[in-house]
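**Q**
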Ligand SMILES: Nc1ncnc2c1ncn2[C@@H]1O[C@H](COP(=O)(O)OP(=O)(O)O)[C@@H](O)[C@H]1O
Ligand SMILES: [Mg+2]
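Residue numbers (this note's numbering), protein chains in the order written: chain A, 2 to 423; chain B, 308 to 530.
(1) Just checking: is the beta-carbon of residue 478 of chain B within a distance shorter than 8 Å of some beta-carbon in chain A?
(2) Using three-state DSSP, classify residue 87 of chain A as helix, strand or coil.
(3) Report the rounded CA-to-CA distance for residue 289 of chain A versus residue 283 of chain A, giving the unit in angstroms.
(4) Considering only heavy atoms of ligand 1, does any lie closer than 7 Å to the CB of residue 508 of chain B?
(5) Name, going along the chain, the residues of the region 397–412 of chain B whose beta-carbon falls closer than 8 Å to a beta-carbon of chain A.
(6) If you drop the 5 nearest sequence neighbours on each side, which residues of the same chain put their C-beta closer than 8 Å to that of residue 389 of chain A?
(7) Determine the contact status of residue 346 of chain A and residue 7 of chain A, defining contact as a CB-CB distance below 8 Å.
(8) Taking beta-carbon pairs under 8 Å, can you tell me which members of the region 329–345 of chain A lie near chain B?
(9) Round the Cβ separation of residue 128 of chain A and residue 354 of chain A to the nearest angstrom and send it over; I've been treating them as touching at under 8 Å.
(10) Between the beta-carbon of residue 107 of chain A and the beta-carbon of residue 251 of chain A, is there less than 8 Å?
(11) So what does residue 343 of chain B bridge to, in DSSP terms?
(12) What residue ranges within the region 289–314 of chain A form continuous beta strand (DSSP E) runs of no fewer than 3 residues, ordered along the chain?
(13) For chain A, is any of its Cβ atoms less than 8 Å away from the one on residue 420 of chain B?
(14) Quick check on residue 337 of chain B: does DSSP put it in helix, strand or coil?
(15) Mind listing, in chain order, the residues whose beta carbon lies closer than 5 Å to a non-hydrogen atom of ligand 1?
(16) Taking 8 Å as the cut-off, does the region 366–378 of chain B touch the region 483–496 of chain B (at least 3 CB pairs, one atom from each stretch)?
(17) Cα-Cα, which of A:17, A:298, A:71 is closest to residue 275 of chain A?
(18) Chain A partners of residue 385 of chain B, CB-CB under 7 Å?
(19) Would you say residue 471 of chain B reaches chain A, if we count a Cβ-Cβ gap shorter than 8 Å as a contact?
(20) Provide the residue(s) that pair with residue 519 of chain B in DSSP beta bridges, ordered along the chain.
(21) What in chain B is Cβ-close to residue 13 of chain A, meaning under 8 Å?
(22) Please determine whether the Cβ atom of residue 544 of chain B lies at a distance below 7 Å from any heavy atom of ligand 2.
(23) So within the region 235–296 of chain A, which uninterrupted alpha helix (DSSP H) runs reach at least 4 residues, ignoring any that extend past its ends?
(24) Kindly say whether residue 407 of chain A, judged by its beta-carbon, lies nearer than 8 Å to any beta-carbon of chain B.
(25) Give the straight-line distance between the Cα atoms of residue 137 of chain A and residue 211 of chain A, rounded to the nearest whole angstrom.
(26) Which residue's Cα is closest to the Cα of residue 249 of chain A: A:413, A:49, A:66, A:410?
(27) Along chain B, in chain order, which residues have C-beta atoms closer than 8 Å to that of residue 17 of chain A?
(28) Over the uninterrupted beta strand (DSSP E) stretch that includes residue 125 of chain A, give me the two end residues.
(29) Closest Cβ-Cβ distance between residue 416 of chain A and chain B: below 8 Å?
(30) Given that a residue counts as buried once 16 or more other Cβ atoms are within 10 Å of its Cβ, and exposed if not, what is residue 30 of chain A?
(31) State the start and end residues of the unbroken alpha helix (DSSP H) segment that holds residue 351 of chain A.
(32) Can you name, in chain order, every residue of its own chain whose Cβ lies under 6 Å from the Cβ of residue 279 of chain A, other than the five neighbours on each side?
(33) At a Cβ threshold of 8 Å, is residue 24 of chain A touching chain B?
(34) What does the alpha-carbon distance come out to for the pair residue 152 of chain A and residue 85 of chain A?
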């Protein structure tokens, strides 16, 4: 048997006051656990938001039609009269865009119809979107069965449609949807294809879930439903005319994104002085999201720092009590030949060990807590592996920092006074 | 002839709020290797201060201290601590065994900072505990021992690094007469084996058995 080394001796000293040591590290446990829990949850949120934005297409510029202020004001006044609100991107705009911006590889229009979708008597909770054959390529959305809309469907305004994955499952849980007929509004459309599962995309209510959408040819929407959409309210009839709700511009190269977005904005400002068109860049959204994420990380880091500070003060408190209580031991160790530095290291070692134990327990508690939150919220929990060693290191650093004052006090103690206090 | 210990004009002042306390007012003495010395004097006269000064745990305010030819004041904290750990063993009135360690570990603690040069410390610890008659209590904790047994463990601990000097501050102060006599006998035996022993005692009978007595009065050596 050899004399115990620093760490084993420190461990034994801590075990002497088990409950005191346990209470002392509660703060550290909570601090580290909250760090782990928060980072994992933010990691989940980050992956979710990032993939939503990415699904909008990082090589796309998005042009949305928005309700101009004048129309909104008039609606609020609600004169009871019948009126037609016309705004947003038109088919003429699309031609101008194509003609004046050759860097645009594809111009993809999407029009939303306020129609209901039925299979037999079964109604689907689905958006009705009219678009062109370029949709799957521009939106990076694969076909699961059958085919997408074709140029022929488009040029002949055919009554065919393609179902989003969830819509197909909802309308035809048992049968094969291909070649069956669905009704959009009161008109029959033949199902020619089904898209694969994609997941939620970015923003924009009716456009946010392509899995719960039915797609019909852009031309068919005008040929069969007209360009006006009529909504009947109490005592009033409202007609809106929006030709294109969303236009997705695909550019050949990411480097062209910003200039194309700027050129589109300039063009649209000139043609739409009412402010009924909005241009956005998923890529820029992602950047912006990353920026706000960094801010979030700073905020989180500060919260973690504060909880570790509180935990560290708890450690300092306990270590000061330990030093005061173990004065005779300090004197004895000096009598046995310990230098001031060795006494310092002993108590510093104890507080670092204490915090390391708290850190390990905190890691465990954090993982458990994040899993529990994930299970309740239905998230898959994701951990950044780096947070584990980092959390432990920060806890031990807190031990070093907050153990210094008590350890120095121990080292500077007059050994004779220490041996006398009984 | 230079002794093991030579001190000259040693003063120790404790600065206090109400003015400095003069614990030692100029002490000069020599101790030869192998001596057995009892320090006697009234309580508060400065005996402990002198003992811990000799043990290098107290730094004097003024004066000279030469231990085995080395000027103690010129040594660094590390050098002084190592010298103390190797050459000086302490025995206290209240034993100062650490409750978190077993008997064996308490003895071995003396090798924590100054491992003995030649021998394996645990073998030596076992031998010493056998010598003080406690080899059957190795794994016990101090709280399970009687006062006399605790003092024996403390003596074994003081001997682990095989120091030349044993300093004992009222080693029998917390013991009954019979046990106190046993401990004194042990210290005398160690002295016969060559250890220099300096002890403080209030017991006139024990002091009487010492070959040399130093009486301290008001921080000075009384005639
Ligand atoms: N660390 C200290 N601080 C202040 N005064 C002290 C200290 N140590 C001892 N003294 C004082 O020095 C004097 C001598 O004390 P001490 O050496 O313990 O005497 P003894 O051991 O003979 O009883 C006493 O008056 C005591 O109060
Ligand atoms: Mg005393």
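Idealized CB from N, CA, C, for every residue including glycine. No experiment lies behind these values; they were computed from the predicted model shown.
**A** In brief:
(1) False, the Cβ-Cβ gap to chain A never drops below 8 Å.
(2) Here DSSP, grouped into helix, strand and coil, assigns residue 87 of chain A to strand.
(3) So the two alpha carbons sit approximately 10 Å from each other.
(4) Answer for residue 508 of chain B: no, Cβ out of range of ligand 1.
(5) Those residues of the region 397–412 of chain B that come within reach of chain A (Cβ to Cβ, closer than 8 Å) are 397, 399, 401, 403, 405, 406, 407, 408, 411, 412.
(6) Result list for residue 389 of chain A: 37, 364, in chain order.
(7) Yes, the Cβ-Cβ distance between residue 346 of chain A and residue 7 of chain A is below 8 Å.
(8) Under the 8 Å Cβ criterion, the region 329–345 of chain A contributes 329, 330, 332, 333, 334, 335, 336, 337, 338, 339, 340, 341, 342, 343.
(9) Actually they do not touch by this definition, with Cβ atoms about 60 Å apart.
(10) A contact, by the Cβ cut-off of 8 Å.
(11) In the DSSP output, where bridge partners are listed per residue, residue 343 of chain B has B:504.
(12) DSSP runs (the beta strand (DSSP E)) wholly in the region 289–314 of chain A: none.
(13) Cβ-Cβ to chain A under 8 Å: yes for residue 420 of chain B.
(14) Strand, per DSSP.
(15) With 5 Å as the limit between CB and the heavy atoms of ligand 1, the residues that fall short of it are A:418, B:321, B:328, B:330, B:350, B:351, B:352, B:353, B:354, B:355, B:356.
(16) No: fewer than three Cβ pairs fall under 8 Å.
(17) Out of A:17, A:298, A:71, A:71 has the C-alpha closest to the C-alpha of residue 275 of chain A.
(18) Chain-order list of chain A residues neighbouring residue 385 of chain B: 340, by C-beta distance under 7 Å.
(19) Chain A contact via Cβ: absent.
(20) Note: residue 519 of chain B sits in a beta bridge opposite B:344.
(21) Per Cβ cutoff of 8 Å: 407, 408.
(22) This structure does not reach residue 544 of chain B, given that chain B is present from 308 up to 530, and the question cannot be answered.
(23) As far as the region 235–296 of chain A is concerned, its whole alpha helix (DSSP H) runs of at least 4 residues are 258–272.
(24) No, no contact with chain B.
(25) CA-to-CA, the gap between residue 137 of chain A and residue 211 of chain A works out to about 11 Å.
(26) Answer by Cα proximity: A:66.
(27) Residues of chain B passing the Cβ test: 406, 407.
(28) Segment 123–125, the beta strand (DSSP E) holding residue 125 of chain A.
(29) Between residue 416 of chain A and chain B, the shortest Cβ-Cβ separation is below 8 Å.
(30) By the beta-carbon neighbour count (other beta carbons within 10 angstroms, threshold 16), residue 30 of chain A is buried.
(31) Run containing residue 351 of chain A: 341–378, per the alpha helix (DSSP H) assignment.
(32) Same-chain partners within the cutoff: 65, 67.
(33) It does not: the Cβ of residue 24 of chain A has no partner Cβ on chain B nearer than 8 Å.
(34) Between residue 152 of chain A and residue 85 of chain A, the C-alpha separation is close to 32 Å.
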